[in-house]
Amino acid sequence: MRESETASKPGETGETGETGETGETGDYVENLSDQKKGGGGRFKSFLMTLVGADEFQFANPAALKKFFDERQAGTHLLIRCEVFPKQLPPKDGQPGKVISGYRWAHVELNDEQLAQVEQSRTASKLPSLADALK
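What the sequence shown shows, in my numbering, is residues 878 to 1011, in sequence order.
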């Protein structure tokens, strides 16, 4: 489910015809060139949760680079996400609106899942996860 699409309730169909089933796999797309639309802190939070890192580990821009260069360190990793309605406060005389909020949770991979990630990275012609995260 892409961020711009309306999430549906479990079992219902949203605007794009997708259902909002528990355990559903979806895409997450972020506009990194516009920090006001989430390309800053929200995406950094996503990456930190993805790899189970602390914020200080992403203070250096070089730490983020490994996710955007040819290493694509986050490719084929798993992350858990809970999408919830988030009420924004009123602004400039306009009533507050409800947007989708995200709660990310790190997924610790077992040996079988890690082997599957490595196999997928090899098939995608990407370096091993250990090399990508160096």
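Don't be surprised by glycine CBs; every beta carbon is placed ideally from N, CA and C.
| query | result |
| --- | --- |
| Chain-order list of residues whose beta-carbon lies under 8 Å from that of E985 (same chain, five-residue window excluded) | G929 |
| heavy atom of the ligand ATP below 7 Å from E959 C-beta | The model depicted lacks the ligand ATP and carries no ligand whatsoever. |
| Through-space distance from L927 to K1002, alpha-carbon basis | 21 Å |
| Contact the region 982-998 vs the region 951-962: 3+ CB pairs below 8 Å | yes |
| The beta strand (DSSP E) enclosing P938, as first and last residue numbers | From DSSP, P938 is part of no beta strand (DSSP E) but of the alpha helix (DSSP H) over 938-942. |
| A950 burial status per 10 Å Cβ neighbour count (16 or more: buried) | buried |
| Closest Cα partner of A982 within the set V960, G973, Q971, Q934 | V960 |
| 8 Å Cβ cutoff met for G973 and P966 | yes |
| Where the alpha helix (DSSP H) containing G978 begins and where it ends | Not the alpha helix (DSSP H): G978 falls in the beta strand (DSSP E), residues 975-983. |
| Through-space distance from E989 to G918, alpha-carbon basis | 32 Å |
| Separation of I976 from K943, as counted between CA atoms | 30 Å |
| Close Cβ partners of S922 (< 8 Å) along its chain, the five nearest in sequence each way excluded | W981 |
| Alpha-carbon spacing of L998 relative to A1007, whole angstroms | Rather than Leu, the amino acid found at residue 998 in this sequence is Arg. Each residue's alpha carbon lies about 11 Å from the other. |
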